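Using mature numbering (1 follows the signal peptide of the UniProt record, and there is no 0), the letters of the sequence shown correspond one by one to residues -21 to -1, 1 to 105. Data block below; observations after.
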Amino acid sequence: MKGYLLITFAALSLFWCSGHTLECFRCDLGFWNLCYTTKTNCSDDENCYVGIGKAAGVLDIKVMGCLATEECNRTTVVEFLSNKTLYSIKKSCCDDDFCNAGSALQFPLAPLSLTLLLIASMIGLF
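Structure below.
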């Protein structure tokens, strides 16, 4: 009887582990610490990540989601034509479900859009 229970437990554990994918928060682009996040599932060769950086040297940006393991814990610098940095971002990975939550807010899209439009109109972009 004990052997049967042990085999059943081992089979169920193996079944659960093989079918489980890593779940992460995803934010395509956030400013300061505001991100509109959704949930996403990663592929087997990906980890959750948070990317923190600066655009044009002044604007704090943030991205979150799934990232290939070999791209983890690297800083990416994107330059424009004249070797001026457009943005730089450091990507840090983790490997537990929703471990990339950090201090990001789940901010509804409508208020975020209205806030960005208000700021843009205040600085004269509209």
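Just so you know, even glycine gets a beta-carbon here, dropped at the ideal spot from N, CA and C. Just so we're clear, the structure is a prediction, and the values are computed from it rather than from any experiment.
Reduced DSSP secondary structure (H/G/I, E/B, other) of residue i
i, result
"Ser100", "helix"
"Thr48", "helix"
"Cys78", "coil"
Sheet register partners of residue i (DSSP bridge)
i, result
"Arg26", "A quick correction: the sequence has Asn, not Arg, at residue 26. Per DSSP, Leu46."
"Asn20", "Glu2"
"Arg67", "The question names Arg, yet the displayed sequence has Ser at residue 67. In the DSSP output, where bridge partners are listed per residue, Ser67 has Lys33, Val56."
"Leu8", "None, per the DSSP bridge assignment."
Minimum C-alpha distance to residue i - residue among the options
i, options, result
"Ala47", "Lys63, Tyr15, Val37, Cys73", "Cys73"
"Asp76", "Cys27, Ser61, Gly103, Phe59", "Cys27"
"Leu65", "Ala34, Ile102, Ala80", "Ala34"
"Cys14", "Gly44, Asp23, Ser22", "Gly44"
"Ile31", "Cys78, Ser67, Met101", "Ser67"
"Asp39", "Cys51, Cys21, Trp11", "Trp11"
Cutoff 8 Å: residue i Cβ touching any chain C Cβ
i, result
"Val56", "The chain labelled as chain C is not found in the depicted structure, where only one protein chain is given."
Residue burial classification, residue i (beta-carbon count within 10 angstroms, cutoff 16)
i, result
"Gly36", "exposed"
"Gly103", "exposed"
"Leu1", "buried"
"Thr16", "buried"
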